[in-house]
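There are 6 protein chains.
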Amino acid sequence: MPQPDHVTALDPADESTLPEDLQPYFQKCRDKLGFVPNVLLAWLKRPEKLRNFIKMYDELMLGPSSLSKLEREMIAVTVSSWNRCYYCLVAHGAAVRKLSEDPQLGEMLAFNYRVADLPTRQRAMLDFAVKLTAVPHEINEADRSGLSQHGFSDEDLFDIAEVTGFFNYTNRVAHALDMMPNAEYHTMGRG
Amino acid sequence: MPQPDHVTALDPADESTLPEDLQPYFQKCRDKLGFVPNVLLAWLKRPEKLRNFIKMYDELMLGPSSLSKLEREMIAVTVSSWNRCYYCLVAHGAAVRKLSEDPQLGEMLAFNYRVADLPTRQRAMLDFAVKLTAVPHEINEADRSGLSQHGFSDEDLFDIAEVTGFFNYTNRVAHALDMMPNAEYHTMGRG
Amino acid sequence: MPQPDHVTALDPADESTLPEDLQPYFQKCRDKLGFVPNVLLAWLKRPEKLRNFIKMYDELMLGPSSLSKLEREMIAVTVSSWNRCYYCLVAHGAAVRKLSEDPQLGEMLAFNYRVADLPTRQRAMLDFAVKLTAVPHEINEADRSGLSQHGFSDEDLFDIAEVTGFFNYTNRVAHALDMMPNAEYHTMGRG
Amino acid sequence: MPQPDHVTALDPADESTLPEDLQPYFQKCRDKLGFVPNVLLAWLKRPEKLRNFIKMYDELMLGPSSLSKLEREMIAVTVSSWNRCYYCLVAHGAAVRKLSEDPQLGEMLAFNYRVADLPTRQRAMLDFAVKLTAVPHEINEADRSGLSQHGFSDEDLFDIAEVTGFFNYTNRVAHALDMMPNAEYHTMGRG
Amino acid sequence: MPQPDHVTALDPADESTLPEDLQPYFQKCRDKLGFVPNVLLAWLKRPEKLRNFIKMYDELMLGPSSLSKLEREMIAVTVSSWNRCYYCLVAHGAAVRKLSEDPQLGEMLAFNYRVADLPTRQRAMLDFAVKLTAVPHEINEADRSGLSQHGFSDEDLFDIAEVTGFFNYTNRVAHALDMMPNAEYHTMGRG
Amino acid sequence: MPQPDHVTALDPADESTLPEDLQPYFQKCRDKLGFVPNVLLAWLKRPEKLRNFIKMYDELMLGPSSLSKLEREMIAVTVSSWNRCYYCLVAHGAAVRKLSEDPQLGEMLAFNYRVADLPTRQRAMLDFAVKLTAVPHEINEADRSGLSQHGFSDEDLFDIAEVTGFFNYTNRVAHALDMMPNAEYHTMGRG
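Residue numbers (the numbering used here), protein chains in the order written: chain D, 5 to 195; chain P, 5 to 195; chain S, 5 to 195; chain A, 5 to 195; chain U, 5 to 195; chain X, 5 to 195.
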């Protein structure tokens, strides 16, 4: 499948500007995924920011949390669907397909999470994420206690809020820059 | 002025859990501002995340950029106004008042940035930030080239997009947690 | 603090056209407030309408009602926040700060009334005002009986509806004319 | 045609409470229209307010203005259509039919003003009224100068803004109270 | 009452292109209604499609269903009101007036169905139709079981969904083509 | 890949009720596609309607038109994306992938058509379809003449409007019934 003709609408960063300390990280991407995700090349435009982005992202999506990695990716896709973010839907849709080993789940979350037959706990988590994305000023105590009634702790609420918020951030950077996903994502986890 | 009765809706983090390496940062806040911003106490609930948050925030708002610190705060307030985020409007409204030495500018951006009589370059910057906040999927090439016609470089576009995105993240965390601003902000920069 | 450079976007009315019977009213404003509110100078463009505006306004906000003056101002600010009306947020935000002697309450209602820790009766009143402002055609019998369950009488419901409606009117005139508030409001009731 | 079974959802006001000075006004309605418009009976719940309402309304809709009475009614219907206000669409739709002697114009404005083949000046007037109704905070200098390019003076702009604002007020009171129009309106001006 | 000056914004179809098999249908319209509805002349632009349109329409609105013809017309008007479709509001508003012999019901559904005092079963049907029109992706199992609790069968749910969907289709074609209703509709069923 | 556990939320229709004249059509589906699309099984709940649906659909999507079959499918997917219709995004997304032999185009239209690098003529067609879907009452003469400036004839405008309208219909039926797509679509045209 052909690569998109641009990483972003900006003049591409020259990978030779990649700070030395980040080179092993890029190499790890190539080793594990076979490519460097375009989001990193986009952020390379501002290398100091790239370093912070990687740290925050890895802690958020891969660090310790009682939300599983799949659940965090489910939030990522559902938020990105609300915001209609092409980059994140392609990249994180692939992640949901892989982690869940359920290609249809990835499609459901990307198109309309309400059609997925989810455990009520996960459905409540995604309902909260969508409300927080769409009408953040309407979130209220009933929404928070709704999560706690589904067994989410205060720390879990923090993590749900942060993953939701973070993709509202990256969705907007991707839209602003016209960021295109690597072609490889399209075929991942199609089963 | 009395402090709000809660930092967030969650059980407050115990400051004794503050990692040692972050203690000088909290002390610097107390020395410079007279208090630790509640957003940091909120994030202390997840100390690893606090460390990343501080690094990203400081680079974003205080690090090198051809956007002035005031301009970055102007975006912060305008985005937070769209999202009706009480914490960020109070805290960053104070920052706009102080940095601009124009208390009315802070009020204008917090209530409706369109009433402010801004240089067209700054107005274009805020129009972009609001469109990216409100209807991110409608940002297009005309919006990007509009910014470049006002003299913004590719790096500036990145920075505008990132500040806009970042406050769409923190606004949502603040809403989700019912985060309350320190009382001191209300009187800062009132002139 | 400097006065704004215009009262409205229209050619200013000449105060010499002020009808004689209204001169004492303007004098009373100067005596009590120290200035004539710009809204009156805006309406002076159409002196017959000014007279009616003053009568309706004074009855509505200061006349007999079982809603307190503060409660009427709270509705004014909350509606103006929904409509993002700079003039009314500045002028009536000051009124809430003064009448409540609680500067933070003024900020909360102006930014997002949902964060204020209000008695449930007042919260119900503001929820009704916001729904009536945002989606008037969705108001229904359940909304009305909700108010009556909080102890509001039929007359109170009328008054809540009328204050809400009235600020939907003046907010729009202020937006249409680019009406700017007197600088004095900014510092009133900051405590 | 049968009268609706209620004037408003509130306990009806007793017409014996009608202040003496307003009795000739009600009589004039009966003489000219054959009935007292229900909006007046609704406002009779608060007689002091009724007096102010009548004065403001008559000046606004019938007093001197370079907008014709028909044009003011056209704004009334178009605004009420946006707000889906049954009372005002029935009562002022009838007025447009009568004043214009064009029953289809009344239907067009009530259903979707964009389908009416209007002079560009009137179309600009209604476009302004709808924008001011739907997204008041987006009105800007270009909208104002657009009106002036169609020959509207500053006073005309004031009047367009005020009629628009006023029906945003009465539409909301009518929705809040479930106000029903007199049956007679339905057949007026059907030609 | 004068006919509108155009059937649609397109060059009108020549009735001589009407396929022979459809001529009796047009004749039946002239016999029963006194005119051929403009929607048919609009579709004549594409005669093959006209044939399918007539078949689907007649089955949908006149064929066997446990929804009465009036109920199907009530959905048509309510959906068209949400979509502000002039053609359908005029044509199907007339049908509601005639079938119900209640001219005010037609006006209520066209302006704001919420003001009509309907049996709860019909109100539930229209609430479903409006939700499905306005926010189709939010329809859920509770909405479906709500209908069944009001006695609607699976087949009825299908029919409600299909009538709702169909007018979302024809409303859009009417808007796209600027389709104008025959003048005769305006006076039908006015009682 | 497993089939979804339901065709719709309704009790499934028994295929033995399939009218004899439609049996060859179902057989043709099995021969060509390997399965009967679930939308047909859904409509089988009302067999008379199924017959009309098939005729209209086949004429619309496969019949003579100067819009190519791919272009009609592109409208179908773009409209279904706006309406977040899972069934149609899966089924017609597969069609775009197959007809275009460009799997990424299918993803782009399903997620956010604005990211696709389309000929301006096709982009104008999709912009019209989205506006007609999202805010049908705002379509105006400028939108129509915009299409004609891109070379679309009156008949083409009719066809664009009708395909757009039709998917606004079927999207709503699919949402109302919780219609699930056949599993086979997911892997079609993935290249």
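Yeah, the Cβ is synthetic: ideal placement off N, Cα and C, and Gly gets one too.
Integer-rounded CB distance, given that Ala180/X should sit under 8 angstroms from Ile143/U
Your numbering for residue 143/U matches position 139 in the fifth sequence. Your numbering for residue 180/X matches position 176 in the sixth sequence. That pair is a contact at about 6 angstroms.
Between the alpha carbons of Val40/D and Val43/P, how many angstroms are there, rounded?
Counting from 1 along the first sequence, the entry for residue 40/D is found at position 36. Counting from 1 along the second sequence, the entry for residue 43/P is found at position 39. Cα to Cα, the separation comes out at about 33 angstroms.
Hey, out of Glu63/S, Thr137/S, Met65/S, whose CA is closest to Ser85/S's CA?
Working through the third sequence from its first residue, we reach residue 85/S at position 81. Closest by alpha carbon: Thr137/S.
If we ignore side chains and look at the alpha-carbon of each, how far apart do Phe132/U and Ser157/D end up?
For the purposes of this step, residue 132/U is taken as the residue at position 128 of the fifth sequence. For the purposes of this step, residue 157/D is taken as the residue at position 153 of the first sequence. If you take the alpha carbons of Phe132/U and Ser157/D, they lie about 36 angstroms apart.
Alpha carbon to alpha carbon, how far is Leu103/U from Asp25/A?
Taking the fifth sequence and counting its residues from 1, the one referred to as residue 103/U is at position 99. Taking the fourth sequence and counting its residues from 1, the one referred to as residue 25/A is at position 21. Distance between the alpha carbons of Leu103/U and Asp25/A: 46 angstroms.
Look at Asn116/P and Pro140/D and say whether their C-beta atoms are less than 8 angstroms apart.
Here residue 116/P is taken as the residue at index 112 of the second sequence, counted from 1. Here residue 140/D is taken as the residue at index 136 of the first sequence, counted from 1. Not closer than 8 angstroms, so no.
For Ala99/U, which option in Asn186/U, Met5/U, Val81/U, Ala46/U has the closest C-alpha, if you only look at C-alpha atoms?
Here residue 99/U refers to the residue found at position 95 when the fifth sequence is read from its first residue. Answer by Cα proximity: Val81/U.
Assign Arg125/U to one of two classes, buried (16 or more other C-beta atoms within 10 Å of its C-beta) or exposed (fewer than that).
Taking the fifth sequence and counting its residues from 1, the one referred to as residue 125/U is at position 121. So Arg125/U counts as exposed.
Check this for me: beta carbons of Thr21/X and Pro51/X, under 8 angstroms apart or not?
Within the sixth sequence, numbered from 1, the residue matching residue 21/X stands at position 17. Within the sixth sequence, numbered from 1, the residue matching residue 51/X stands at position 47. Against a cut-off of 8 angstroms, the Cβ pair of Pro51/X and Thr21/X comes out as a contact.
Please name the residues in the stretch 34-52 of chain S whose beta-carbon is closer than 9 angstroms to at least one beta-carbon of chain P, in chain order.
none
Does the stretch 181-193 of chain U touch the stretch 157-167 of chain U, meaning 3 or more C-beta pairs lie closer than 8 angstroms?
no
Under 8 angstroms Cβ-Cβ, which residues of chain P neighbour Asp182/S?
One-based indexing of the third sequence puts residue 182/S at position 178. Val119, listed in chain order.
Counted within 10 angstroms of its Cβ, other Cβ atoms place Gly97/U as buried (16 or more) or exposed:
By 1-based counting over the fifth sequence, the position of residue 97/U is 93. Buried: at least 16 other Cβ atoms inside 10 Å.
Whole-angstrom distance between Leu71/S and Phe170/S, CA atom to CA atom:
Residue mapping note: residue 170/S aligns to position 166 of the third sequence, counting from 1. Residue mapping note: residue 71/S aligns to position 67 of the third sequence, counting from 1. Between Phe170/S and Leu71/S, the C-alpha separation is close to 15 angstroms.
Which first and last residues belong to the alpha helix (DSSP H) in which Arg55/S is found?
For this step, residue 55/S is matched to residue 51 along the third sequence. Run containing Arg55/S: 51-66, per the alpha helix (DSSP H) assignment.
By how many angstroms is the C-alpha of Leu14/A removed from the C-alpha of Ala120/D?
Here residue 120/D refers to the residue found at position 116 when the first sequence is read from its first residue. Here residue 14/A refers to the residue found at position 10 when the fourth sequence is read from its first residue. Each residue's Cα considered, the two are about 45 angstroms apart.
Can you tell me whether DSSP reads Leu48/D as helix, strand or coil?
Translated into positions along the first sequence, residue 48/D becomes position 44. The answer is coil: DSSP assigns Leu48/D none of H, G, I, E or B.
Against chain P: residues of the stretch 167-178 of chain D by CB proximity under 9 angstroms:
Thr168, Gly169, Phe170, Phe171, Asn172, Tyr173, Thr174, Asn175, Arg176, Val177, Ala178
Go ahead and label Ala108/U buried or exposed: buried means 16 or more other beta carbons lie within 10 angstroms of its beta carbon, across all protein chains shown.
Here residue 108/U is taken as the residue at index 104 of the fifth sequence, counted from 1. Checking the displayed sequence, the identity of residue 108/U turns out to be Gln instead of Ala. Buried, since its Cβ has 16 or more Cβ neighbours within 10 Å.
Take Asp147/D and list the residues in its own chain whose beta-carbon comes closer than 7 angstroms to its own, dropping the five residues that flank it on each side.
Within the first sequence, residue 147/D is the residue found at index 143, counting from 1. Only Phe132, Lys135 meet the Cβ criterion.
Could you have a look at Gly193/A and say whether DSSP puts it in helix, strand or coil?
Here residue 193/A is taken as the residue at index 189 of the fourth sequence, counted from 1. Gly193/A falls in the coil class under three-state DSSP.
What does the alpha-carbon distance come out to for the pair Ala128/D and Ala46/X?
Working through the first sequence from its first residue, we reach residue 128/D at position 124. Working through the sixth sequence from its first residue, we reach residue 46/X at position 42. Answer to the nearest angstrom: the Cα atoms are 29 angstroms apart.
Please classify Pro185/P: is it buried, with 16 or more other beta-carbons within 10 angstroms of its beta-carbon, or exposed?
Indexing the second sequence from 1 puts residue 185/P at position 181. Pro185/P is buried by the Cβ-count criterion.
Supposed contact pair Asn172/U and Val83/U - C-beta distance, whole angstroms, cut 8 angstroms:
Taking the fifth sequence and counting its residues from 1, the one referred to as residue 83/U is at position 79. Taking the fifth sequence and counting its residues from 1, the one referred to as residue 172/U is at position 168. Going by Cβ atoms, the distance from Val83/U to Asn172/U rounds to 6 angstroms, so yes, they are a contact pair.
Starting from Glu111/A, find everything on chain U with Cβ-Cβ shorter than 7 angstroms and list it in chain order.
In the fourth sequence, counting from the first residue as 1, residue 111/A sits at position 107. Going along chain U in sequence order, the residues near Glu111/A (Cβ under 7 angstroms) are Val94, His190.
Mind checking if Met129/S is an interface residue toward chain P, Cβ cutoff 8 angstroms exclusive?
Reading the third sequence from its first residue, position 125 is the one you call residue 129/S. For Met129/S, the answer is no, since every Cβ of chain P falls outside 8 angstroms of its Cβ.
Would you verify that the beta carbon of Ala165/X is, or is not, closer than 8 angstroms to some beta carbon of chain U?
Position 161 of the sixth sequence, counted from the start, is the residue given in the question as residue 165/X. Taking Cβ atoms only, chain U reaches closer than 8 angstroms to Ala165/X, which makes this a yes.
So with CB distances below 8 angstroms, who are the chain U contacts of Arg88/X?
The residue given as residue 88/X occupies position 84 in the sixth sequence. What Arg88/X touches in chain U: Pro140, His141.
So which of Tyr90/X, Leu161/X, Glu63/X, Glu105/X has the shortest CA-CA distance to Val177/U?
Walking along the fifth sequence from the start, residue 177/U turns up at place 173. Ranking Tyr90/X, Leu161/X, Glu63/X, Glu105/X by Cα distance to Val177/U puts Leu161/X first.
Report yes if the CB atom of Thr12/D is closer than 8 angstroms to the CB atom of Asp163/D, and no otherwise.
Indexing the first sequence from 1 puts residue 12/D at position 8. Indexing the first sequence from 1 puts residue 163/D at position 159. No, Cβ-Cβ distance for Thr12/D and Asp163/D is not below 8 angstroms.
Glu105/A - DSSP class collapsed to helix/strand/coil
For the purposes of this step, residue 105/A is taken as the residue at position 101 of the fourth sequence. The answer is coil: DSSP assigns Glu105/A none of H, G, I, E or B.
Starting from the C-beta of Arg76/U, find all residues in its chain whose C-beta is less than 6 angstroms away, skip the five residues before and the five after it, and write them out in chain order.
By one-based count along the fifth sequence, residue 76/U stands at place 72. Met65, Val167, listed in sequence order.
Check whether the Cβ atoms of Leu37/S and Ala17/S lie closer than 8 angstroms to each other.
Within the third sequence, the letter at position 33 stands for residue 37/S. Within the third sequence, the letter at position 13 stands for residue 17/S. No, Cβ-Cβ distance for Leu37/S and Ala17/S is not below 8 angstroms.
Counting only Cβ pairs nearer than 9 angstroms, list the residues of chain U close to Met60/X.
Taking the first residue of the sixth sequence as 1, we reach residue 60/X at position 56. Residues of chain U passing the Cβ test: Lys53, Asn56, Phe57, Lys59, Met60.
Would you verify that the beta carbon of Glu24/A is, or is not, closer than 8 angstroms to some beta carbon of chain S?
What you label residue 24/A is simply residue 20 of the fourth sequence in a count that begins at 1. Glu24/A does not count as touching chain S.
Please report the distance separating the alpha-carbon of Met5/D from that of Asp106/X.
Locating residue 5/D in the first sequence gives position 1, counting from the first residue. Locating residue 106/X in the sixth sequence gives position 102, counting from the first residue. Met5/D and Asp106/X: Cα-Cα distance of roughly 9 angstroms.
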